[in-house]
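Student:
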Amino acid sequence: MMMQIRLAILPFLGGLVVLTGGCASASGDYPSLAFRDGERWAGTFDVAEAEPYVPEPPAAETVERTVQLAREARSAHDEFLAAAPEAERQTSAAQSAGVGSEAWSVAQVALANLESRRSRAMIALADLDRIYVDTSTAGEAIAPIADVRGEVAALIDTENALITRLASRLSR
339 MMMQIRLAIL
349 PFLGGLVVLT
359 GGCASASGDY
369 PSLAFRDGER
379 WAGTFDVAEA
389 EPYVPEPPAA
399 ETVERTVQLA
409 REARSAHDEF
419 LAAAPEAERQ
429 TSAAQSAGVG
439 SEAWSVAQVA
449 LANLESRRSR
459 AMIALADLDR
469 IYVDTSTAGE
479 AIAPIADVRG
489 EVAALIDTEN
499 ALITRLASRL
509 SR
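Under the working numbering, residue 510 is the last one in the sequence shown; the count climbs by one each step, no gaps.
Shown next, in the form of structure tokens:
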């Protein structure tokens with residue numbers, strides 16, 4: 339049985355030796371890897387000038403909503419500024435008071451009142467962020483929205499600075 343298998347494999351191995359013998363030739367006639375004449379290119383191509391992309395202005399509804407949000411943020415900022423002197427007074431009074439005292443508690447409430455007014459402006463800023471992203475994704479001009487967003491962000495930065503300053507008085 340084993341002998342029959344060996345005899346059956348022999349013609350296969352002989353054919354394999356004959357077929358692979360051509361792969362191991364010692365000849366030095368390998369094809370060149372240099373560029374052939376057909377592979378060379380010459381000359382230049384004129385590149386067409388691309389037209390600059392000019393985005394369309396945002397939709398009228400978007401602009402109206404942006405203006406409305408800016409008004410809401412300014413209104414909230416005005417309310418914040420109106421409440422700021424009281425918070426200044428309360429935190430100044432609580433500066434030397436201990437944590438948990440009546441003056442400290444009243445100052446905390448005044449700060450919370452400021453933070454509440456700031457949150458209204460922050461909601462407007464979040465809506466402006468959403469509009470900015472939607473407008474940008476739609477390929478429309480974002481400059482008018484970015485300008486309003488920057489103004490509202492500046493208002494909130496001012497509010498944050500005041501709240502931080504007043505809160506630092508209470509944490510000493």
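Glycine included, every Cβ here is placed at the ideal spot set by N, Cα and C.
Are three or more beta carbon pairs between the segment 387–394 and the segment 475–485 nearer than 8 Å?
Tutor: yes
Student: Compute the distance between the beta-carbons of Ala450 and His415, then report whether it is under 7 Å.
Tutor: The Cβ atoms of Ala450 and His415 lie no closer than 7 Å to each other.
Student: Considering just the uninterrupted stretch of the alpha helix (DSSP H) at Asp467, what are its terminal residues?
Tutor: 440–475
Student: Taking only three categories from DSSP, how would you classify Glu478?
Tutor: strand
Student: Compute the distance between the beta-carbons of Ala421 and Leu504, then report whether it is under 7 Å.
Tutor: Annotated as distal: Ala421 and Leu504, with beta-carbon spacing of 7 Å or more.
Student: Looking at chain D, is there any beta carbon in it that lies within less than 7 Å of the beta carbon of Tyr368?
Tutor: Of the protein chains in the structure, only one exists, and it is not chain D.
Student: What does the alpha-carbon distance come out to for the pair Ala481 and Leu508?
Tutor: 41 Å
Student: Please state whether the Cβ-Cβ distance between Leu407 and Asp465 is less than 7 Å.
Tutor: yes
Student: Note the first and the last residue of the continuous alpha helix (DSSP H) segment covering Glu410.
Tutor: Following the DSSP letters along the chain, one finds Glu410 inside the alpha helix (DSSP H) bounded by residues 398–432.
Student: DSSP three-state call for Glu489: helix, strand or coil?
Tutor: helix
Student: Do you know offhand how far Leu452's Cα is from Glu389's?
Tutor: CA-to-CA, the gap between Leu452 and Glu389 works out to about 50 Å.
Student: Do Gln433 and Val444 count as a contact pair if the criterion is CB distance below 7 Å?
Tutor: no
Student: Helix, strand or coil for Glu497 per DSSP?
Tutor: In this structure, Glu497 counts as helix in the three-state DSSP scheme.
Student: Going by C-alpha to C-alpha distance, which of Gln446, Leu463, Asp485, Ile469 sits closest to Glu399?
Tutor: Ile469
Student: What are the partner residues of Glu394, as DSSP defines its beta bridges?
Tutor: Glu478
Student: Using CA coordinates, which residue listed in Ile501, Ala462, Arg456, Ala441 is at the minimum distance from Glu417?
Tutor: Arg456
Student: Using only alpha-carbon positions, find the residue among Arg412, Ala386, Asp384 that is nearest to Val486.
Tutor: Residue Arg412 is the option with its Cα nearest to Val486.
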